[in-house]
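Line order of the protein sequences matches chains A and B.
Numbers 6 to 222, taken from my numbering, label the letters of the first sequence in order.
Numbers 7 to 412, taken from my numbering, label the letters of the second sequence in order.
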Amino acid sequence: MAEIDEVNRKITLKLVYYGPAQSGKTTNLMRLHDLLAPDLKGEVMTLETQNDRTLFFDLLPLGFRTPSGWLVKLKLFTVPGQVAHDATRKAVLSRADGVVFVADSQRTQSVNNAEAFQNLEENVQRVGLDFASVPLVVQFNKRDLPEAQILSEEEVRARWAQAPWPLVFSSALIGEGVKETFARLLEQVYPVLDKFCALQESHGVDRQSFVAAVTGG
Amino acid sequence: MELEPHTFDREFDLAELLAGMPLARMAQILATLLAGEFRLVTVGGQLMLGRAEPFAQPCHAAIRHELETLGHLESASDGEARLSAAAGMVELVLQLSARYRMAADLHTETVQEDYAALQHQHAALKESEARYKTLSEELEERVRQQVETLETAQRQLYQAEKLASIGQLAAGVAHEINNPIGFIRSNLSTAQQYVRNLERLAALMKAGDMAQFQALWNEADMAFVTEDFAALLGESVAGADRVAKIVADLKGFSNVDQTEEEIVNLNDNLRFACNVIAGQIKDKAELVLELGELPRILCLPGHLNQVFLNLLLNAAQSLPDQGRIKVCSDVLNHEIRILISDNGCGIPEGNLDRIFDPFFTTREVGSGTGLGLTVCRDIVQAHGGRIGVESKVGAGTTFTVYLPVG
């Protein structure tokens, strides 16, 4: 849940990139760092990796000033995807204000996707969040791979037809769909945040300007 | 002790990021870099490092961390470039400090999470352990009950076996006693007849009627009677002695359940068992005793009597019309050896391994308990001895009992 710091006039949000191992969560963060142009943008902090695989988490801080003079700070985290790091995954997911589920489009990864999604659902509940109401976007990544290797968009849409979450196709490696995914998440986060700290009323930030300010237009 | 962990993703202030740093060393380095005094203060104006008094007209450089200004580095000199370079260095140090703190706190969080999960598992394990303990106790109790039931059943079967052999014995003994009783009874009837004749002769003699007396004497063949009377009385005494002997032998079996040990010469027990069985087999078998000198041993004689009797009965039952049972005893390697052999039908090789097993019998259902040899083996083993068997179908069987001396 977002933190409001009245003294320093600051609202801090936490957004988490979740998903199976090597689906491209860290790559999403790297591309966002390159593609976004908010008022304030930090560096991607990579805690620890082993053979290119995240052990703890990656962190990208973004922020902007509201017309009211407050700082809205967004901390984007990735979780380690490997099954063994479930405790870390759960700790990173704690207090999240929104989640991007990065799925691997490869046909061979369907089971891993399903298991990771189920793990997300379990952990969301374990950290005391409501899975039905937590803002969530599902991204199918690696669309740049050969068609034979990946599920077609129709197949994915058919499978997720009953799901209430926005579905985005992306290729984080070449930067496609990454910003869109993030914007879709921000759109969903805004109403919750507005309710929580009256963004529109007290700070003069509506949904459109919120998304524009974070992404840099 | 359980600490509420700091959330790893919290916002850090300058004081927290500087905590645990070698501040004195840092102050020295900053003073050298900035060529003079400096101040490191928070955004709120609180001094973290450097000179206590504020500068009159200081130069500022912001210390930023994660999008935000956490404090300022101030210096008296006007070396702008130097100051911003030093501030950049402080920022790098703070970033490393933040990285370390986040990793450490995340680690603490996951360790505590794992610990809680382990405790949960531990509690579940303890619970299931308690459940298994109860289950095992119940099982033990049930096994104990089953063993008790089995032991009772076994005792009853042993008793049945004892009664069966005593029954067999009784049948033989009855036959044996019946025979002398029969001829004693018949002799006594004849004697009564003789006495009546004597009474009549005595009456005639009193009356003085010698003619009549002579006539009757001749008629009754009194010359034979006087001779026969003595003979039949002698025969009857011998018969009564035989009965007395049988009864005396039977007494040896009245103490089958006697649990007191006695010092005995086993040859006496063998003779006694042979006497008991002799009556049953005298028509069809010859009983040969070759008893060597034996040391006296401490044993339960009643029990060993049962062993010998069982072996002799088995031998008797295996015999053809005209057979022979041989009983030998001697001492071999500090052991008493008793052989009971017959020239009967023998035991098939396939059955030899099983004859001592409980309930193994080749006799018809109802005519044997299948425990005779089992009881024999148990009794011999209880005396520290052992029992063996050799047999050949059609040639006969030899049972050998070894008992330790002393």
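Virtual Cβ for every residue (Gly too), placed ideally from N, Cα, C.
Short Cβ contact (8 Å threshold) for residue i with residue j
i, j, result
"B/Ser-90", "B/Leu-40", "no"
"B/Val-395", "B/Ile-342", "no"
"B/Thr-406", "B/Leu-345", "yes"
"B/Ala-413", "B/Gly-329", "Limits of chain B in this structure are 7 at one end and 412 at the other, which puts residue 413 of chain B out of reach."
"B/Gly-56", "B/Ala-93", "no"
"A/Pro-25", "A/Gly-86", "yes"
"A/Gln-154", "A/Ser-175", "no"
"A/Pro-72", "A/Val-219", "no"
"A/Gln-193", "A/Val-129", "no"
"A/Val-107", "A/Tyr-195", "no"
"B/Thr-48", "B/Gly-77", "yes"
"B/Leu-297", "B/Asn-273", "yes"
"B/Met-54", "B/Leu-100", "no"
"A/Gly-29", "A/Ala-177", "yes"
Chain A contact residues for residue i, given Cβ-Cβ distances below 7 Å
i, result
"B/Glu-146", "Within 7 Å Cβ-Cβ: nothing; B/Glu-146 doesn't reach chain A, min ~42 Å."
Through-space distance from residue j to residue i, alpha-carbon basis
i, j, result
"B/Phe-230", "B/Ala-197", "13 Å"
"A/Asn-13", "A/Ala-166", "44 Å"
"B/Met-7", "B/Pro-28", "Model confidence at B/Met-7 stands at a pLDDT of 38, short of 50, so the residue's coordinates are unreliable; what they give is reported in the following sentence. Their Cα atoms are separated by approximately 29 Å."
"A/Gly-133", "A/Ala-92", "15 Å"
"A/Met-6", "A/Lys-19", "8 Å"
"B/Gln-323", "B/Ile-190", "30 Å"
"B/Leu-358", "B/Gly-285", "29 Å"
"A/Leu-40", "B/Arg-45", "38 Å"
"B/Gly-240", "B/Val-253", "20 Å"
"B/Gln-162", "B/Asn-185", "34 Å"
"A/Arg-70", "A/Ile-179", "30 Å"
"A/Glu-11", "A/Leu-204", "14 Å"
"B/Arg-31", "A/Met-50", "27 Å"
"B/Glu-157", "B/Val-149", "12 Å"
"B/Ser-335", "B/Val-153", "39 Å"
"B/Leu-20", "B/Gly-26", "12 Å"
"B/Lys-251", "B/Phe-314", "19 Å"
"B/Ala-129", "B/Glu-119", "15 Å"
"B/Tyr-164", "B/Val-270", "25 Å"
"B/Lys-168", "B/Ala-159", "14 Å"
"A/Ser-138", "B/Ala-136", "42 Å"
"B/Ile-303", "B/Leu-319", "24 Å"
"B/Val-294", "B/His-181", "22 Å"
"B/Phe-195", "B/Val-201", "According to the sequence provided, residue 195 of chain B is Ser. The question's Phe does not apply to it. About 10 Å."
"A/Phe-187", "A/Lys-200", "20 Å"
"B/Leu-79", "B/Arg-105", "22 Å"
"B/Arg-16", "B/Leu-73", "14 Å"
"B/His-126", "A/Arg-131", "15 Å"
"A/Thr-17", "A/Phe-82", "13 Å"
"B/Asn-275", "B/Tyr-408", "15 Å"
The beta strand (DSSP E) enclosing residue i, as first and last residue numbers
i, result
"B/Val-407", "402 to 410"
"B/Asp-336", "329 to 338"
"B/Ala-68", "65 to 71"
"A/Asn-146", "141 to 146"
"B/Glu-266", "Looking at the DSSP string, B/Glu-266 is not in any beta strand (DSSP E), and its letter there is neither H nor E."
"B/Phe-14", "Unbroken run through B/Phe-14: none, as it is neither H nor E."
"B/Phe-44", "44 to 48"
"A/Ala-108", "103 to 109"
Under 8 Å by beta carbon: chain B residues contacting residue i
i, result
"A/Glu-53", "Ala-109"
"A/Lys-200", "In chain order: nothing, as chain B lies at least about 22 Å away."
"A/Lys-19", "Asp-15"
First and last residue of the uninterrupted alpha helix (DSSP H) at residue i
i, result
"A/His-208", "204 to 208"
"A/Lys-8", "The sequence as given places Glu at residue 8 of chain A; Lys does not occur at that position. Run containing A/Glu-8: none in the alpha helix (DSSP H); it sits in the beta strand (DSSP E), 8 to 10."
"B/Arg-277", "272 to 287"
"A/Ala-42", "Segment: none, A/Ala-42 is in no alpha helix (DSSP H) and carries neither H nor E."
"B/Leu-379", "378 to 388"
"A/Lys-95", "91 to 98"
"B/Gly-3", "Outside the displayed range of chain B (7 to 412) lies residue 3 of chain B, so it cannot be described from this structure."
Residue i Cβ short of 7 Å to the ligand GTP heavy atom set
i, result
"A/Val-21", "The ligand GTP is absent from the structure shown, which contains no ligands of any kind."
Within chain A, partners of residue i - CB distance below 9 Å
i, result
"B/Phe-18", "Correct list: empty, because the minimum Cβ distance to chain A is about 12 Å."
"B/Thr-13", "Ala-96, Ser-99, Arg-100"
Residue i: contacting residues in chain B (beta-carbon distance under 7 Å)
i, result
"A/Pro-66", "Glu-72, Leu-73"
"A/Phe-61", "Ala-109, Leu-112"
Residue i: contacting residues in chain A (beta-carbon distance under 8 Å)
i, result
"B/Arg-105", "Met-50, Leu-52"
When Cβ atoms are compared, which residues of the region 70 to 103 of chain A fall closer than 8 Å to chain B?
Leu-76, Lys-78, Lys-80, Phe-82, Ala-92, Thr-93, Lys-95, Ala-96, Val-97, Ser-99, Arg-100
Residues within the region 110 to 122 of chain B neighbouring chain A, beta-carbon criterion of under 7 Å
Leu-112, Glu-115, Thr-116, Glu-119, Asp-120
Could you list the residues in the region 21 to 51 of chain A with a C-beta less than 8 Å from some C-beta on chain B, going in chain order?
Leu-45, Lys-46, Gly-47, Met-50
Select from the region 55 to 76 of chain B all residues with a C-beta closer than 8 Å to any C-beta belonging to chain A, and list them in chain order.
Glu-72, Leu-73, Glu-74
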